Amino acid sequence: MLRIGIGNDTHRLVDGRPLILGGVHIPSERGAAGHSDADTLCHAIADAILGALCEGDLGVHFPDRDPQWKDADSLQLLSRVMWLASGRGLHIVNVDATVMLESPKLRPYVLSMRENISEILEVDPGCVSVKAKTGEGLGEIGQGLAVTAQAVVLMTSV
Ligand SMILES: [Zn+2]
Numbered sequence: 004m005l006r007i008g009i010g011n012d013t014h015r016l017v018d019g020r021p022l023i024l025g026g027v028h029i030p031s032e033r034g035a036a037g038h039s040d041a042d043t044l045c046h047a048i049a050d051a052i053l054g055a056l057c058e059g060d061l062g063v064h065f066p067d068r069d070p071q072w073k074d075a076d077s078l079q080l081l082s083r084v085m086w087l088a089s090g091r092g093l094h095i096v097n098v099d100a101t102v103m104l105e106s107p108k109l110r111p112y113v114l115s116m117r118e119n120i121s122e123i124l125e126v127d128p129g130c131v132s133v134k135a136k137t138g139e140g141l142g143e144i145g146q147g148l149a150v151t152a153q154a155v156v157l158m159t160s161v
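One rule links them: number in this note's numbering = place in the sequence shown (from 1) + 3.
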């Protein structure tokens, strides 16, 4: 059995918050606002896995009113979603994700993100693609107001 899922996630960028993507702390003047650590990339991938399982979205499983998830490490959240998938006998074939952020440039951090995520997803880093784009100065991404991520995941029971 093959299952496919799509996910996306957006956080506002604000002063006084860390910027964490794929479990990597990225030096930045502004960080992502949110209840957990606001790791947009992990959230998009977790959302895609939940989509493949037909299990609703991230907010259903990790309500932002729940103190348990305050400043939570989103790699742990991703791990919980993988636990759900494993319970269904599903594992990851590959993930393709795109992060959109105007600055800083993410390329130096992409390999570390892929390593962190692939460890949680129990696949080779070669099965986790992370791409970085800017908003070319346009819209809320281009103006540095937000960070957003999209992810597609393919899962198999074989
Ligand atoms: Zn999020």
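Glycine residues also receive a C-beta, built at the ideal position from the N, C-alpha and C atoms.
If you're wondering where the values come from, they're calculated on a predicted model, not measured in any experiment.
Item, Value
"beta-carbon H64 near ligand 1 non-hydrogen atom, thresh 7 Å", "no"
"Buried/exposed call for Q146, threshold 16 Cβ in 10 Å", "exposed"
"Whole-angstrom distance between M4 and G26, CA atom to CA atom", "30 Å"
"For H38, the residue or residues it bridges with in DSSP", "Per DSSP, none; premise fails for H38."
"C-beta atoms of A152 and A75 nearer than 8 Å", "no"
"D74 CB to nearest heavy atom of ligand 1 below 7 Å", "no"
"For R83, the nearest candidate out of A35, H28, C45 (CA to CA)", "C45"
"Exposure of I120, with buried meaning 16 or more beta-carbon neighbours within 10 Å", "buried"
"Opening and closing residue of the alpha helix (DSSP H) in which Q153 lies", "Element bounds for Q153: not the alpha helix (DSSP H) but the beta strand (DSSP E), 149-159."
"Close Cβ partners of D40 (< 8 Å) along its chain, the five nearest in sequence each way excluded", "P21, I23, D74, A75, D76, S77"
"Secondary structure of R2, DSSP reduced to three states", "Residue numbering for the chain in the displayed model covers 4 to 161; residue 2 lies beyond these limits and cannot be assessed."
"Neighbourhood of S1 by C-beta distance below 6 Å, restricted to the same chain and skipping five residues each side", "Nothing about residue 1 can be reported from this structure: the residues present for the chain run from 4 to 161 only."
"Enclosing beta strand (DSSP E) for R6 [first to last residue]", "5-18"
"Extent of the continuous beta strand (DSSP E) to which T101 belongs", "94-103"
"Below-8 Å beta-carbon distance, L61 vs any chain C residue", "Here chain C cannot be found, since the structure has a single protein chain."
"Terminal residues of the alpha helix (DSSP H) in which V126 lies", "Where V126 is concerned, there is no enclosing alpha helix (DSSP H), given that its DSSP letter is neither H nor E."
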